[in-house]
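Q: Under mature numbering (1 follows the signal peptide of the UniProt record, and there is no 0), read the sequence shown as residues -22 to -1, 1 to 159, first letter to last. Note that the Cβ used here is the ideal one computed from N, Cα and C, for glycine as well. If you scroll down you'll find the structure; I have some questions about it.
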Amino acid sequence: MRLTSTPGVIALLCSTAVPVTSRLAIHSTSTVHVSTAWIWQFGYDIEKSDDDTKRRWVCKVCVDSRRPNPHSAASSGTQNAEIHLWNDHKVCDPSGRRKPPSKAKEKTPSRNIAEMMKLNTRDAREQQIANQIIGRFDRLDFQRLVVSWIINSNSSFRQSEDPYLRAAFEYLNPLVKTTEA
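Shown next as structure tokens:
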């Protein structure tokens, strides 16, 4: 597949072995598109010739590098285009107003209660302490207590996500963090 451009038309032409009737033409939009999103500096605003309601953003970097299938995304949003530009071309907002898209946050390796309390599990006494702490903590009971507190105090459920409250819970029992209670 090769890409040719004529005024107002971007036409994707198949190799000469394919009949002329199967060529696909995509027209650039004739409507005035006012957009302040930075991604439009790196893409084309196009619409399918048979349906002018289906507008798409096509990556200019992919087209210029003659990729056989340039990336396209719905023109109604910018997130997919931003992610593509960052992941495939390492291009981010030149103004610096938006940070590059981040990947899913990796989970920190979970530590066990003995590591958190710096207990030596080879020592029988310290192993017994760790086992008692683990045995006493019931995640469901803890969650019920927190929900009861929220309801009785007429607080928001978001209150339980407050970092200072979480730190207090984790201070009282490190299993709150370990069990993601």
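Cα separation between V125 and L118?
A: Along the sequence shown, one-based indexing puts residue 125 at 147. Along the sequence shown, one-based indexing puts residue 118 at 140. So the alpha carbons of these two residues sit roughly 11 Å apart.
Q: Between the Cα of A59 and the Cα atoms of Q105, C37, K77, which residue gives the shortest distance?
A: Position 81 of the sequence shown, counting from 1, holds the residue named residue 59. Of the listed residues, the one whose Cα sits closest to A59 is C37.
Q: Give the secondary structure of S50 by DSSP, where H, G and I count as helix, E and B as strand, and everything else as coil.
A: Counting from one through the sequence shown, the residue named residue 50 turns up at place 72. Three-state result, S50: strand.
Q: Indicate the three-state DSSP secondary structure (helix, strand or coil) for C70 in the structure shown.
A: Counted from its first residue, the sequence shown places residue 70 at position 92. Looking at C70 - three-state DSSP - the assignment turns out to be coil, as it is neither helix nor strand.
Q: Ordered along the chain, which non-local residues of its own chain (more than five positions away) have a Cβ less than 6 Å from that of S50?
A: On the sequence shown, residue 50 is found 72 positions in, with the first residue counted as 1. R34, V36.
Q: Would you kindly check if the distance between the Cβ of Q121 and the Cβ of P72 is under 9 Å?
A: In the sequence shown, the residue the question calls residue 72 occupies position 94. In the sequence shown, the residue the question calls residue 121 occupies position 143. For P72 and Q121, no; Cβs fall outside 9 Å.
Q: Which partner residues does A22 have in the DSSP bridge list?
A: Residue mapping note: residue 22 aligns to position 44 of the sequence shown, counting from 1. It is worth fixing the name first, because residue 22 is Tyr in this sequence and not Ala. V36.
Q: Go ahead and pull the three-state DSSP assignment for S113.
A: Here residue 113 refers to the residue found at position 135 of the sequence shown. The identity of residue 113 in the sequence shown is Gly, whereas the question assumes Ser. G113 falls in the helix class under three-state DSSP.
Q: Can you give me the C-alpha to C-alpha distance between I24 and R45, rounded to a whole angstrom?
A: Here the question's residue 24 lines up with position 46 in the sequence shown. Here the question's residue 45 lines up with position 67 in the sequence shown. Approximately 17 Å between the Cα atoms of the pair.
Q: Pop quiz: R99 and Q106 are said to be a contact at Cβ under 8 Å. What is the actual Cβ separation, rounded to whole angstroms?
A: Position 121 of the sequence shown, counted from the start, is the residue given in the question as residue 99. Position 128 of the sequence shown, counted from the start, is the residue given in the question as residue 106. Note on identity: in this sequence residue 99 is Thr, with Arg being the wrong assignment. Going by Cβ atoms, the distance from T99 to Q106 rounds to 10 Å, so no, they are not a contact pair.
Q: Where does P141 fall in DSSP's three states?
A: Residue mapping note: residue 141 aligns to position 163 of the sequence shown, counting from 1. Here P141 sits in helix by DSSP.
Q: Rounded to the nearest angstrom, how far is the Cβ of W64 from that of P79, given a contact under 8 Å?
A: Translated into positions along the sequence shown, residue 64 becomes position 86. Translated into positions along the sequence shown, residue 79 becomes position 101. So it is a contact: roughly 5 Å between Cβ atoms.
Q: What's the gap between the Cα of R114 and the Cα of C40?
A: For the purposes of this step, residue 114 is identified with residue 136 of the sequence shown, where counting begins at 1. For the purposes of this step, residue 40 is identified with residue 62 of the sequence shown, where counting begins at 1. Cα-Cα distance, rounded: 58 Å.
Q: Helix, strand or coil, according to DSSP, for R103 in the structure here?
A: Here residue 103 corresponds to residue number 125 of the sequence shown, with the count starting at 1. In the structure shown, R103 sits in a helix (DSSP, three-state: H, G or I).
Q: Residues in its own chain within less than 8 Å of V(-5) by CB, not counting five upstream and five downstream?
A: Mapped onto the sequence shown, residue -5 falls at position 18. Note that V(-5) scores 33 on pLDDT, short of 50, meaning its location in the model is unreliable and no value can be drawn from it.
Q: For S80, name the three-state secondary structure that DSSP assigns.
A: The residue you call residue 80 lines up with position 102 of the sequence shown. Three-state DSSP puts S80 in coil, outside helix and strand.
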